[in-house]
Amino acid sequence: MTTRAVVVGVGHYLPERIVPNAEFEKSLDTTDEWIRSRSGIERRHFAAEGETTSHLAVAAAKRALDDAGLTPDHIDAIVVATSTPDLTFPSAATMVQAQLGMTRGFAFDIQAVCAGFIYALGNANALIMAGQAERVLVIGAETFSRIMDWTDRSTCVLFGDGAGAIVLEARSGTGNSDDRGILSVDLNSDGRHRDILYVDGGVSTQTVGHLRMEGREVFRHAVEKLAATSSAALEKVGLTKADVDWIVPHQANIRIIRGTAKKLEIPMEKVVVTVQDHGNTSAASIPLALSVGKQQGKIREGDLVVTEAIGGGLAWGAVALRW
Ligand code: ACO
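Residue numbers for the sequence shown follow this note's numbering, so the first one is 57 and each next one is one higher.
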């Protein structure tokens with residue numbers, strides 16, 4: 057017998073304001089056609105003035121708790137993956153804890169940029185496996201619109217705001233790959249590549265800064281590393297691409313998503329794609345896609361899901377889980 061961290065609830069929240077590509081044509085030398093064909097993005101949501109990452113996170117968390125049929129009292133720990141917290145400290149996670157009315161347990165943030173939700177899943181899984189928590193609320197929430205340089209057409213058209221959440225619960229399993237729950241985690245980073253995707257500000261510089269990216273360079277790393285980490289996650293648990301029901305990738309660019317699926321030799325019919333509607337929501341993109349994929353009736357109990365992401369750092373990784 058072994059302990060498994062099983063997904064028992066999922067939910068998401070998107071800010072009300074939807075911004076279609078055409079809106080950028082008014083202020084930038086760009087077109088809907090360029091954005092669509094280069095990235096697959098058609099629209100994204102932007103948070104309202106005063107609407108912060110913790111607000112989005114709480115809304116998604118409530119929906120995940122409802123989906124699980126649980127209340128905040130049932131939760132032992134909250135992990136929030138974000139690079140855009142409300143404040144430098146306290147953590148967004150403790151803000152979520154307070155807004156949910158939760159007075160017990162513990163809460164903390166994880167910052168691994170676009171790979172944040174994969175890192176959060178890995179950490180939440182470890183907490184459950186170690187017996188430190190029975191139920192963990194894992195949230196990815198971002199307001200990337202707050203770190204865009206609106207004069208930089210090569211970045212500001214690509215990102216959006218949103219949040220997604222899942223509830224993981226300790227269940228006993230047999231220890232083989234038929235078990236429901238997280239089956240394997242593969243995490244990687246290589247700080248030598250920090251210059252190709254970063255924010256040029258931070259606490260120590262007394263500025264918030266803006267996102268800067270060498271898009272072509274990030275692209276070059278993405279397909280290769282995402283395919284490798286997905287294969288590694290499958291290998292760790294003795295599974296192959298033939299066993300995969302759904303790939304749920306980080307939603308940065310449809311060309312990266314297609315390139316990775318091709319390298320893995322997995323047809324696009326088995327890939328959940330939301331990038332057209334959400335843009336790149338960094339750490340929120342995977343839980344958003346999991347939630348939408350379930351809502352659309354795609355991801356069902358017992359399905360083998362491989363979820364993978366890469367982002368600033370570079371940091372990247374994958375999780376294989378049975379839904
Ligand atoms: N509208 C019109 N033209 C533009 C725009 C725009 N919004 N942005 C850039 N261009 C121009 C460039 O200036 C360039 O012009 P030039 O050739 O005269 O210099 C031309 O378009 C081509 O630029 P490239 O960067 O070569 O375009 P590319 O086909 O590589 O697409 C993109 C750019 C979409 C950023 C792509 O490289 C990409 O998606 N990279 C991955 C980066 C990513 O998704 N990062 C997200 C964070 S990390 C992650 O989540 C994986």
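Beta carbons: idealized from backbone N, C-alpha and C, even for Gly.
So, helix, strand or coil for residue i, using DSSP?
| i | result |
| --- | --- |
| residue 103 | coil |
| residue 90 | helix |
| residue 57 | coil |
| residue 186 | coil |
| residue 388 | The displayed coordinates of the chain run from 57 to 379. Any statement about residue 388 would go beyond what the structure contains. |
| residue 21 | With the chain represented from 57 up to 379, any question about residue 21 goes unanswered, as that position is not in the structure. |
| residue 343 | helix |
| residue 329 | coil |
| residue 210 | helix |
| residue 225 | strand |
| residue 377 | strand |
| residue 239 | strand |
Out of the options, which has the shortest C-alpha to C-alpha gap to residue i?
| i | options | result |
| --- | --- | --- |
| residue 234 | 79, 377 and 82 | 377 |
| residue 158 | 142, 138 and 129 | 129 |
| residue 404 | 238, 373 and 147 | For the chain, the structure presents residues 57 to 379; residue 404 sits outside this window and is missing. |
| residue 62 | 300, 310, 267 and 228 | 228 |
| residue 194 | 348, 366, 363 and 343 | 343 |
| residue 423 | 208, 198, 163 and 211 | Since the displayed the chain opens at 57 and closes at 379, residue 423 lies outside it and no answer follows. |
| residue 117 | 197, 341 and 291 | 197 |
| residue 187 | 225, 213, 244 and 110 | 225 |
| residue 126 | 346, 179 and 67 | 67 |
| residue 210 | 327, 85, 310 and 145 | 85 |
| residue 156 | 296, 241, 264 and 119 | 119 |
| residue 379 | 350, 174, 245 and 320 | 350 |
| residue 352 | 374, 371, 369 and 328 | 328 |
| residue 236 | 293, 82, 189 and 286 | 293 |
| residue 269 | 289, 204 and 325 | 204 |
Which residues does DSSP pair with residue i in a beta bridge?
| i | result |
| --- | --- |
| residue 267 | 255 |
| residue 244 | 372 |
| residue 358 | According to DSSP, which records beta bridges pairwise, residue 358 is partnered with nothing at all. |
| residue 217 | 199 |
| residue 274 | BP columns for residue 274 are empty, so no partner. |
| residue 63 | 224 |
Between residue i and chain C, is the shortest Cβ-Cβ distance under 8 angstroms, so that the two count as touching?
| i | result |
| --- | --- |
| residue 79 | Reference to chain C is not applicable here, since this structure consists of a single protein chain. |
Beta carbon of residue i: closer than 7 angstroms to some heavy atom of ligand 3?
| i | result |
| --- | --- |
| residue 284 | Absence of ligand 3 is noted for the structure shown, with ligand 1 being the only ligands found. |
Subject >> Cβ pair count under 8 angstroms reaching 3, the stretch 314 to 330 against the stretch 272 to 284 >> reply: yes
Original post:
Three or more beta-carbon pairs under 8 angstroms between the stretch 66 to 78 and the stretch 99 to 114, yes or no?
Top reply: yes
Original post:
In chain order, which alpha helix (DSSP H) runs of at least 4 residues are fully inside the stretch 282 to 327?
Top reply: 310 to 320
**OP:** Report the residue ranges of all beta strand (DSSP E) runs contained in full by the stretch 121 to 186; include only those spanning at least 3 residues, in chain order.
**Re:** 133 to 137 and 162 to 166
Original post:
Counting Cβ pairs, one atom from each stretch, are 3 or more of them under 8 angstroms apart for the stretch 268 to 277 and the stretch 357 to 364?
Top reply: no
**OP:** Count the CB pairs spanning the stretch 250 to 259 and the stretch 117 to 136 that are closer than 8 angstroms, and state whether there are at least three.
**Re:** no
Original post:
Would the stretch 360 to 371 and the stretch 298 to 312 be scored as touching if the rule is three or more Cβ pairs under 8 angstroms?
Top reply: yes
Original post:
Is the stretch 332 to 346 touching the stretch 207 to 217, taking contact as three or more C-beta pairs under 8 angstroms?
Top reply: Proximity of the stretch 332 to 346 to the stretch 207 to 217 meets the contact definition, three or more beta-carbon pairs being nearer than 8 angstroms.
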